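Participant: So the protein lines, in turn, are chains Y and G. Take any residue in the first sequence, note its place counting from 1, add 768, and you have its number in our numbering. Take any residue in the second sequence, note its place counting from 1, add 10, and you have its number in our numbering. C-beta atoms are modelled at their ideal positions from N, C-alpha and C, and glycine is treated no differently. Note that this is a predicted model, so its numbers are computed, not measured. For reference, the structure I am asking about is given below.
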Amino acid sequence: MRVPLSWLREFVDIDLSPEALAERLTLLGMEVKGVHRIGADWSSVVVGELLDVYAHPSSPRLSLTRVRTAEGERELEIVCGATNIEAGQRVPVALPGALLPGDRSIGVTRIAGIQSEGMLCSGAELGLTPDADGILILDSESPLGEPLGRLLGDTVLDVDVKPNRGDALSILGLAREVAAATGATVREPLIAVPESGDATDDHLSVTVQDVLRCPRFVARYLDGLTVGPSPTAVQVRLMAAGVRPVSNVVDASNYVMLELGKPVHTFDAAAVTEDRLIVRTARPGERLETLDHIERELSADTLVIADPVGPLAIAGVMGGASSEVREGTTQVIVESALFQPVTIRRTAQAYGLRSEASLRFERGQEPRMARLGADRAAQLIVRWAGGRAAMGAVDTDPVDPPATRLTFRPARIARLLGMSVSGDGMRDLLARAGIVTEPAAARSSVAIIAGERPIPLDPDAAAEALVAIVPGHRRDLAIEADIAEEVARIRGYDAVPSRLPDTSMPGYRPDPRLMVDRVRDLLSGRGLNEVVTYSLVSPQDHASLGHDAQDPATIRAANPVSGEHSELRRSLLPQLMRVLVDNERQRRPDLAVFEVGAVHALVDGHPKEARHLGILLAGAADPLSWDRPSRPVDIADAKGLLEWLVERVAGARLRWEPGPLHEALYHPGRSALAIAELESGHRVELGLVSELDPRYLTACEAQAERVVFARLDLDGLGRTVPAVQRVGDLERLPALERDIAVVVAETQPAGAVEAVMRAAGGPLLASVLLFDRYEGAPLGPGEMSLAYRLRFEPGTRTLDEDGIERAVASVVDALRERLGARLRG
Amino acid sequence: MDLEAFAARLSALRERALQAVRETADPSSLEQVEAAYLGRKGELRTLLGGIGGLPAEDRPRVGALANPIREDVERAIAQRRERLESIALEVRLAGERLDVTLPGRPLRRGSLHPLVETEREIARFFGRYGFVVYESPEVETDERNFEALNIPADHPARDLWDTIYLQPPDSEATGTPDDGRLLLRTHTSPGQIRAMHEMSPPLRVLTPGRCYRYEAVDASHGFEFFQVEGLMVDEGTSLAHLRGLLDEFAHAMFGAARATRFRPGYYPFTEPSVAFDIGCVSCEGSGCPACGRSGWMTILGAGMVHPVVLRNGGLDPERFQGLAFGMGVDRIAMLRYAINDLRVFLANDLRFLERF
Ligand SMILES: [Zn+2]
Chain Y
769 MRVPLSWLRE
779 FVDIDLSPEA
789 LAERLTLLGM
799 EVKGVHRIGA
809 DWSSVVVGEL
819 LDVYAHPSSP
829 RLSLTRVRTA
839 EGERELEIVC
849 GATNIEAGQR
859 VPVALPGALL
869 PGDRSIGVTR
879 IAGIQSEGML
889 CSGAELGLTP
899 DADGILILDS
909 ESPLGEPLGR
919 LLGDTVLDVD
929 VKPNRGDALS
939 ILGLAREVAA
949 ATGATVREPL
959 IAVPESGDAT
969 DDHLSVTVQD
979 VLRCPRFVAR
989 YLDGLTVGPS
999 PTAVQVRLMA
1009 AGVRPVSNVV
1019 DASNYVMLEL
1029 GKPVHTFDAA
1039 AVTEDRLIVR
1049 TARPGERLET
1059 LDHIERELSA
1069 DTLVIADPVG
1079 PLAIAGVMGG
1089 ASSEVREGTT
1099 QVIVESALFQ
1109 PVTIRRTAQA
1119 YGLRSEASLR
1129 FERGQEPRMA
1139 RLGADRAAQL
1149 IVRWAGGRAA
1159 MGAVDTDPVD
1169 PPATRLTFRP
1179 ARIARLLGMS
1189 VSGDGMRDLL
1199 ARAGIVTEPA
1209 AARSSVAIIA
1219 GERPIPLDPD
1229 AAAEALVAIV
1239 PGHRRDLAIE
1249 ADIAEEVARI
1259 RGYDAVPSRL
1269 PDTSMPGYRP
1279 DPRLMVDRVR
1289 DLLSGRGLNE
1299 VVTYSLVSPQ
1309 DHASLGHDAQ
1319 DPATIRAANP
1329 VSGEHSELRR
1339 SLLPQLMRVL
1349 VDNERQRRPD
1359 LAVFEVGAVH
1369 ALVDGHPKEA
1379 RHLGILLAGA
1389 ADPLSWDRPS
1399 RPVDIADAKG
1409 LLEWLVERVA
1419 GARLRWEPGP
1429 LHEALYHPGR
1439 SALAIAELES
1449 GHRVELGLVS
1459 ELDPRYLTAC
1469 EAQAERVVFA
1479 RLDLDGLGRT
1489 VPAVQRVGDL
1499 ERLPALERDI
1509 AVVVAETQPA
1519 GAVEAVMRAA
1529 GGPLLASVLL
1539 FDRYEGAPLG
1549 PGEMSLAYRL
1559 RFEPGTRTLD
1569 EDGIERAVAS
1579 VVDALRERLG
1589 ARLRG
Chain G
11 MDLEAFAARL
21 SALRERALQA
31 VRETADPSSL
41 EQVEAAYLGR
51 KGELRTLLGG
61 IGGLPAEDRP
71 RVGALANPIR
81 EDVERAIAQR
91 RERLESIALE
101 VRLAGERLDV
111 TLPGRPLRRG
121 SLHPLVETER
131 EIARFFGRYG
141 FVVYESPEVE
151 TDERNFEALN
161 IPADHPARDL
171 WDTIYLQPPD
181 SEATGTPDDG
191 RLLLRTHTSP
201 GQIRAMHEMS
211 PPLRVLTPGR
221 CYRYEAVDAS
231 HGFEFFQVEG
241 LMVDEGTSLA
251 HLRGLLDEFA
261 HAMFGAARAT
271 RFRPGYYPFT
281 EPSVAFDIGC
291 VSCEGSGCPA
301 CGRSGWMTIL
311 GAGMVHPVVL
321 RNGGLDPERF
331 QGLAFGMGVD
341 RIAMLRYAIN
351 DLRVFLANDL
361 RFLERF
């Protein structure tokens, strides 16, 4: 809300600088987002008097003027294009050398052959009013030569009013906040309607058919009006508050909305058939051309204000074009109603018509404002547009409801705040916010939760309790905790002590991030860059993974921000590819990145989240160096990473099996599933490594020839981490090693060779390391040799050469029997 | 041949041997010299083999004559060997000279993402006060994301959260879940409800994670962002504890001398509500465009858990009091690393990542 200080000062005295006031309001919860100075961008603009206005000799659209800006000073000759000027008026004069908004500088110029010493300013040129055609005509009392900034300059606070404080969306409401902050007194506006003649009742009747959604409707009738522009000062004030002036009648309703927070609507009474207003829901098929000249079909739940013929306005949201007050309107009906906030909110959203007025209705209205708003509007219309107001008003519920009484326990509030404030101290603080308090009655109960039965207090508690009598505008105060906040707010949050928790500590719980952080530390230490990518991806991303647009397991946004980000990712791969492509465009084709993140799918109709590690390798396996040749990445790089990672994190060993098959995504011959072999003997599939299919790379617009993707299921990995890792003591005897070279068919998977060796090697075989792989002479065609180093840990008993030879022999026998292998050399 | 002549021949042998040793240039010629003089078929043996020509009474004295000579030659050989070896080593080392100004063999740089690291630092700080990470899902129900947090449908406060809703699961294929309309959580606050149902006070949890809003992307907004939510519930938890924790947190993250400001805020799920500011990290409080010339920057929202939220979490609001806070990890990271455009976090440009 934009708050001109000149307006605010009408309601409360302010001794603070704008900046100091802004800070006080911010500390009170009315955050001031900005302080703007109107007139700060004017220099050398002063009040002048037009001495003479006569036609320009050569250009009929221009006038020549003689202007003085001080008694006895030299007169200025200024050329002017406006037609609203005449001798004797006082106007803003930009002297030669003046600066205007937009860094516009004014000098001595020649216009159509005549020298002009400066410029007469329009309201638009000064940023004061929307009028760009006419010169801004100042009050005739304005002192000659007065700098305009002193006369019309203002300071505007931009206040961020929170949704619970609709009452502060008004100059009056913010004046109350200033008073609460400074201890000053609020001056309520003096509202006196100059009524005369017959009664409002004689001119109109109001029927409310839906009292739930329109609990109160106040109307006034005015006639004999002349619609025209508002006084300059009013226009300037509305502009400063961010509302564009329209006409005196419309400006009056906007003025009331800003001043009191009460939206008011005006109808051209001549357009209201039978002088009857009916508040009802729209009928099927009804249409209304709204003020923005859009013909709208009204939905059946729309609350309208109608006459016997049809709808005139969408209640609380927008008026209709047919009853719009315009030039020539002489009779006006002022409507100041209360509408159910939810109704207005839904309607404004449904029609896309949220406005300053609907915003205020949504946040709730103080009941008494229904009448005050109507009266204030009538007062201003008569003042600015002439005419008269008929006697009295039509009011469908003229009795203001009683104030809410809210019981609170000072001790409970002090406990919540952790602050020592006595009951009397709280009473003083609340009084500053206009909240009267008194001791609670013996049988009191306290509201803990809004809309629920209050908790009865025992006599001792009741004796200590107080009652806050909540003024009608404070609709946000409903429970004891609200009073606690009000006490802290008025006292100042700065008075809350800063104290570290001294209450009991919770019991132990495992930290689910420990393992994830370990994975991240290990991989970044290994030289990989961690990335964080979007979790919303495109249907195309999923289609290339084989999840088409009908895939029932994909979770899709109903209102996606864009087609690029409309489905929750089921794999980290698409966005990792995005990282590759983006970096390739930055000429960084060598990539080793990882991401830890959630992937999503519907499982049995329920959303399920799984935590994955994704690794993407592309380009050169090692950084470019002066002493080694560049080598492209391959899946063995990714396998090595995963083997090492799983061993470090879970103490488990990975083995590889061919798969998974996925056409045009994974290379059919270069993809492997990662199987963890646990100490318990269980085998768990934990992820995969794959060289990506060239067709997929092309579809992603990647330049790289070979890209390796690896995935690890971190939830699964977490389950493999034992609570206690059984490392055991160090063997006292040295390990013994034997190297053997096994000749097998070239098509024989090495994984099976190793598995056979491990199974046959007995408990002493601690590790099997493949250190050479060879094909060619002297081996036969179709043969390969795999050289392994077998490492035996003797444990506690001495292992003799014979023991090892027996173990090696059983390995060799098993290889021969199960795989047809022979030893080489 | 008499003893004198024999002694002279021995002496001459010694001189020749020493001469030959001095003239060797490498270990192998030294070995040849050693063999030639001292070896089994060497000159000394040969000479001593001829003692049969000496008178019998002189023979016992031959040893006394020959041993010093053998020792002299052996010593000379040993010295020469040491010398030759040291020369050889020097030659080798001289030949192995490298350009020591060459750079090291480069390693991959490796880095941790600043958002995740900031999240970890936040968790590490609150971990000192007993807050343990509690993970809460990204797909939530409208009920838990809004209703249970005191934000009913059609409440004006819903304007604070532009929401991405999810398509209902295909009921034919999967059976519709009966727990209400699904959405992507707009904040980590539904974690409060889950944590209160799952654990009982004293309760201190931290829920970090990805959140979603229906928003256009600009320098300070994204439709995906990261938050950390804190919740502490106990009988005596108070607003003063909230302030104490947040003050310490600001000091830990932004320097021990950092000014802080505790002021009223508004959230439907807290009462009282708090906005927490720190002295501007850009101008240190004197006022600049980054802080709207106020000298302060808001880093998080907080408050005392609203009674209705405690009740929705299954706790008695008359007995228990809770504090809660929520912060944007992106925001904290931007302030700590002087980053003005948060889009850089999800762009994953290696030039950026390598700075961490
Ligand atoms: Zn600053």
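1) So what does DSSP say about S1126/Y, is it helix, strand or coil?
2) Let's test the definition: count the other Cβ atoms within 10 Å of the Cβ of W1152/Y and tell me whether it reaches 16, buried, or not, exposed.
3) Just checking G297/G against ligand 1 - is the residue's beta carbon closer than 7 Å to any of the ligand's heavy atoms?
4) Using DSSP with H/G/I as helix, E/B as strand and the rest coil, what is G1519/Y?
5) Closer than 9 Å, Cβ to Cβ, to anything on chain G: give me those residues from the segment 1184-1200 of chain Y, in chain order.
6) Quick check on the DSSP output: the beta strand (DSSP E) that includes S1021/Y runs from which residue to which?
7) Would you identify the three-state DSSP class for E182/G, choosing helix, strand or coil?
8) Under 8 Å Cβ to Cβ from L58/G, same chain only, skipping five residues before and after it: list those, please.
9) Which of the three DSSP states, helix, strand or coil, is assigned to K51/G?
10) Looking at ligand 1, does it come within less than 7 Å of S230/G, judged from the CB to the closest heavy atom?
11) Closer than 8 Å, Cβ to Cβ, to anything on chain Y: give me those residues from the segment 105-127 of chain G, in chain order.
12) Taking 8 Å as the cut-off, does the segment 949-963 of chain Y touch the segment 1049-1060 of chain Y (at least 3 CB pairs, one atom from each stretch)?
13) Mind listing the chain Y neighbours of Y347/G? Cutoff is C-beta to C-beta under 8 Å, in chain order.
14) Closest Cβ-Cβ distance between V1300/Y and chain G: below 8 Å?
15) Between I342/G and R138/G, what straight-line distance do the alpha-carbon atoms span, to the nearest angstrom?
16) Quick check: what's the CA-CA separation for T186/G versus L1341/Y?
17) For the alpha helix (DSSP H) holding Y347/G, just list the boundary residues, first then last.
18) Whose Cβ in chain Y lies nearer than 7 Å to the Cβ of F272/G?
19) State yes or no: is the C-beta of V1032/Y within less than 8 Å of the C-beta of A1145/Y?
20) I need the boundaries of the beta strand (DSSP E) containing P218/G, first residue and last residue.
21) For the pair the segment 1153-1162 of chain Y and the segment 1220-1237 of chain Y, tell me if three or more CB-CB distances fall below 8 Å.
22) With Y1464/Y as the anchor, note down where its alpha helix (DSSP H) starts and where it stops.
23) Work out the CA separation of L1056/Y and A1199/Y for me, nearest whole Å.
24) On a CA-only basis, which of F141/G, L193/G, Q331/G and T198/G is nearest P1278/Y? Give me that one, please.
25) Taking Cβ positions only, does G302/G come closer than 8 Å to chain Y?
26) Mapping DSSP to helix, strand and coil, what is K1376/Y?
27) On a CA-only basis, which of S1015/Y, T1098/Y, V1085/Y and P1135/Y is nearest G1120/Y? Give me that one, please.
28) Does the Cβ of A300/G lie closer than 7 Å to at least one heavy atom of ligand 3?
29) Apart from the five residues just before and just after V814/Y, which ones in its own chain have a Cβ nearer than 7 Å to its Cβ?
30) Of all the options P1502/Y, V1476/Y and W1394/Y, which has the alpha carbon lying nearest to the alpha carbon of R115/G?
31) For ligand 1, is there any heavy atom lying closer than 7 Å to the beta carbon of S292/G?
32) Since M242/G and P1052/Y should fall inside the 8 Å C-beta cutoff, what is the C-beta to C-beta distance between them, to a whole number of angstroms?
33) Do the CB positions of F233/G and D340/G come within less than 8 Å of each other?
34) Report the residue ranges of all beta strand (DSSP E) runs contained in full by the segment 153-179 of chain G; include only those spanning at least 3 residues, in chain order.
35) Tell me the rounded alpha-carbon separation between A285/G and G275/G.
36) Is L793/Y close to chain G, meaning its C-beta is less than 8 Å from at least one C-beta of that chain?
Facilitator: For this structure:
1) Helix at S1126/Y.
2) Around the Cβ of W1152/Y, a 10 Å sphere holds 16 or more other Cβ atoms; the residue is buried.
3) For G297/G, the CB falls within less than 7 Å of some heavy atom of ligand 1.
4) Helix.
5) Residues L1184, L1185, G1186 and M1187.
6) In this chain, S1021/Y is not harboured by any beta strand (DSSP E); it is covered by the alpha helix (DSSP H) spanning N1016 to L1028.
7) Residue placement at E182/G is poorly supported in this model, since its pLDDT is 48, which falls under 50; the coordinates still yield a value, given next. Three-state DSSP puts E182/G in a helix.
8) Excluding residues up to 5 positions away in sequence, V72 and A76 lie with their Cβ nearer than 8 Å to the Cβ of L58/G in the same chain.
9) Correct three-state label for K51/G: coil.
10) Not so, every heavy atom of ligand 1 lies at least 7 Å from the Cβ.
11) Under the 8 Å Cβ criterion, the segment 105-127 of chain G contributes L112, P113, R115, P116, L117, R118, R119, G120, S121, L122, H123, L125 and V126.
12) Touching, no.
13) For a Cβ distance threshold of 8 Å, nothing in chain Y lies close to Y347/G: the least Cβ distance comes to about 14 Å.
14) Yes, V1300/Y lies at the interface with chain G (some Cβ there is under 8 Å from its Cβ).
15) Roughly 19 Å separates the two Cα atoms.
16) Because T186/G carries a pLDDT of 45, less than 50, the predicted location of this residue cannot be relied on, and the following value inherits that uncertainty. Rounded to the nearest angstrom, the gap between the Cα atoms of T186/G and L1341/Y is 29 Å.
17) Note, Y347/G: alpha helix (DSSP H), V339 to Y347.
18) Here the neighbours are Y1261, D1262 and V1264.
19) Their beta carbons are under 8 Å apart, which means V1032/Y touches A1145/Y by this criterion.
20) Where P218/G is concerned, the enclosing beta strand (DSSP E) stretches over L213 to Y222.
21) Contact fails: fewer than three Cβ-Cβ distances are below 8 Å.
22) Bounds of the alpha helix (DSSP H) holding Y1464/Y are P1462 to A1467.
23) Between A1199/Y and L1056/Y, the C-alpha separation is close to 48 Å.
24) Minimum Cα-Cα distance from P1278/Y among the listed residues F141/G, L193/G, Q331/G and T198/G corresponds to F141/G.
25) With a threshold of 8 Å between beta carbons, G302/G makes contact with chain Y.
26) Of the three classes helix, strand and coil, the one that applies to K1376/Y here is strand, per DSSP.
27) Ranked by Cα distance from G1120/Y, the first of S1015/Y, T1098/Y, V1085/Y and P1135/Y is V1085/Y.
28) Summarising the ligand content, the structure contains ligand 1 and does not contain ligand 3.
29) These residues qualify, in order along the chain: T837, V861, L863, G913, E914, P915 and L916.
30) Of P1502/Y, V1476/Y and W1394/Y, the residue nearest in Cα terms is W1394/Y.
31) Within the chosen limit of 7 Å, ligand 1 reaches the beta carbon of S292/G through at least one heavy atom.
32) Incorrect: roughly 54 Å between the Cβ atoms, too far for contact.
33) Their beta carbons are not under 8 Å apart, which means F233/G does not touch D340/G by this criterion.
34) If we require 3 residues or more, the segment 153-179 of chain G turns out to have no beta strand (DSSP E) run fully inside it.
35) Whole-angstrom Cα-Cα distance: 5 Å.
36) Taking Cβ atoms only, chain G never reaches closer than 8 Å to L793/Y, which makes this a no.
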